[in-house]
Amino acid sequence: MVNQKKSDNMGSCLESIVCTSCKKQYDPIERHGLCPSCEKVLFAKYDLEKARENLTPKHIEGNRCFNIWRFNEIMPVKEPRYRYSLGEGWTPLLHLKNAGKKMGLKNLLLKDEGQNPTGTFKSRGLCAAVSKGCELGIQEFVIPTAGNAGAALSAYASCAGVHAHVFMPEDTPSLLKNEVLAMGGDLELVPGLITDSAITCKKVAVENDWFDVSTLKEPYRVEGKKTMAFELVEQLNWTVPDVIIYPTGGGTGIVGMWKAFDELETIGLIGSKRPRMVTVQSSGCAPICRAFEQGKKSASFWEDAKTIAPGLRVPAAVGDYLILKALYESEGTAVTVDDSEMLLAMKTLARQEGIMQAPEGAATYSGVQQLKDSGFVDSSESIVLFGTGSGLVYPEIWTPKRKI
Ligand SMILES: Cc1ncc(COP(=O)(O)O)c(C=O)c1O
């Protein structure tokens, strides 16, 4: 549970739940999944004029907590007692001096999300979803996962005293299976990819009336993820970087940050400048990159998805249209990287910077190399890589046999 200084504690200014496509509005005191009318993604909407009164740099930099509830006015949980925390968020923004110098980039930064409680940025979203779910009286949560989100759900379910039901591909690395079991989650292994786990998950969620916290299929996980943007601008003294590079699977992070920038501008904490948003995917599973190249507004299913990065092995994303919107509106781009490039990037970050990243996070480093070569970024720009997970969550990748 989180302590906020009393004078800071205006509480959540959550106003309604609104569809990102048909714009229908819903009552925030009810439980929501996808939009009942058009089956698209729902977002939380806040009274930003009211939030503005409390969210000044002076107030924020005062005696506030250093976790995802730091900006509680624009988070969805109303009652402070439901704001669970394991210390997620407020991760360091590291200057990649050595690796950046080699590449000719003076301001290459990495937001090290590997320092979150479950070793990945998934802690943020699942902290928000479990906390809000508990406030709505939910006891049973269910998730399809490439591994890390299942571990995070299990952690926050334990912390809140509720139940996690986790469906993951049977070939998920064993540490992630063990993490779920260690934290008391019910684990079901499903043949195939995360999309197959999602089909089973949807069925059991309906049969048992469990709360389905699949990526972007409810409006609260994305609220936890958007806190990455809040922290980033605060760490950059209330400015935005020129470029953000994000390893994209289901896309909650990129979608959440894009939403956060609008909220921050309306509140007056940043101006109208936006970072150019860049998606990085594996060349073995790149539905968003393909759609971006073709100028499409949504992505088609990627057949035969294969990559060493489990979090990027996502052949279809329910929020595809929102990810693409962020790329187009920000004048960003999308790049693919091979598994061998991800492995090399893991090695480079470890040996030159002392940072062990998961392949997903390391993919952003391979991505920025490509963008430097193509002239999309230049040497003086501030570029933030999202290092979404610790290298320690995939120990088998570092075995000497692989010669990383
Ligand atoms: C370490 C890591 N990075 C990136 C991703 C992709 O995240 P998103 O679904 O927000 O695109 C995942 C998803 O499982 C992940 O575990």
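Residue numbers for the sequence shown, in our numbering: 6 to 409.
Note that beta-carbon positions come from the ideal geometry of N, C-alpha and C, so glycine has one too.
Computed from a predicted model, the values in this text were never measured in an experiment.
In this structure, the straight-line span from the alpha carbon of I65 to that of Y326 is close to 33 Å. The DSSP-derived three-state label of K116 is strand. Just so you know, the alpha carbons of E308 and P320 end up roughly 7 Å apart. In the three-state reduction of the DSSP assignment, F381 falls in the coil class, being assigned neither a helical nor a strand state.
When the five nearest sequence neighbours on each side are left out, the beta carbons in the same chain lying within less than 8 Å of the beta carbon of Y51 are those of S17, C18, L19, E20, E78, I79 and E268, in order along the chain. Taking C-beta atoms as the reference points, A322 and P292 count as a pair closer than 9 Å.
For L192, the secondary structure class from DSSP, reduced to helix, strand or coil, is strand. Under the criterion of beta carbons closer than 8 Å, T125 and V398 qualify as touching, at roughly 6 Å.
Of the candidates M262, A154, K107 and G324, M262 places its Cα closest to the Cα of F391. For L113, the Cβ stays outside the 8 Å cut-off from all heavy atoms of ligand 1.
Under the three-state reduction of DSSP output, D201 falls in the helix class.
Your pair G359 and G119 does not check out as a contact, with CB atoms roughly 12 Å apart and the cut at 8 Å. The continuous beta strand (DSSP E) containing A169 extends over residues H168 to P174. E298 carries a helical assignment under DSSP once its states are collapsed to helix, strand and coil.
Here the distance from the Cβ of V398 to the nearest heavy atom of ligand 1 is below 8 Å.
Taking E140 as the centre and dropping the five residues before and after it, the same chain places the C-beta of V82, K83, E84 and Y87 closer than 7 Å to its C-beta, in chain order.
When DSSP states are grouped into helix, strand and coil, M233 belongs to the helix group.
Ranked by how close their Cα comes to the Cα of V283, the residues E336, W243 and E270 have E336 in first place.
DSSP places R281 in the uninterrupted beta strand (DSSP E) bounded by R281 to S287.
If you compare the alpha carbons of F266, L198 and K222 with that of C24, the shortest gap goes to K222.
Around the C-beta of F306, fewer than 16 other C-beta atoms lie within 10 Å, and the residue is accordingly described as exposed. For C290, the pairing in a beta bridge is given by DSSP as S287. CA-to-CA, the gap between R36 and G380 works out to about 46 Å. Under the three-state reduction of DSSP output, L99 falls in the strand class. Within 10 angstroms of the beta-carbon of Q299 lie fewer than 16 other beta-carbons, which makes it exposed. Within the stretch 295-374, the beta strand (DSSP E) runs of at least 3 residues that lie entirely inside it are, in chain order, 338-342. Listed in chain order, the non-local C-beta contacts of L47 below 6 Å within the same chain comprise I22, C24, H37, C40 and P224, local neighbours out to five positions each way being set aside. Under the DSSP definition of a beta bridge, Q30 partners with V23. Annotation for Y161: the continuous alpha helix (DSSP H) segment containing it runs N153 to A165.
Counting C-beta atoms within 10 angstroms of its own C-beta, N183 has fewer than 16 neighbours from the protein chains shown and is therefore classed as exposed. Residue pairing for G394: DSSP places it in a beta bridge opposite T125. Only buried fits N121, as 16 or more other CB atoms lie within 10 angstroms of its CB. Excluding residues up to 5 positions away in sequence, D344 and P364 lie with their Cβ nearer than 6 Å to the Cβ of I313 in the same chain. By a beta-carbon distance limit of 8 Å, A234 contacts F266. Their separation comes to about 6 Å.
Residue pairing for K50: DSSP places it in a beta bridge opposite S21.
At a threshold of 8 Å, V167 does not count as near ligand 1, since its beta carbon sits no closer than that to any of the ligand's heavy atoms.
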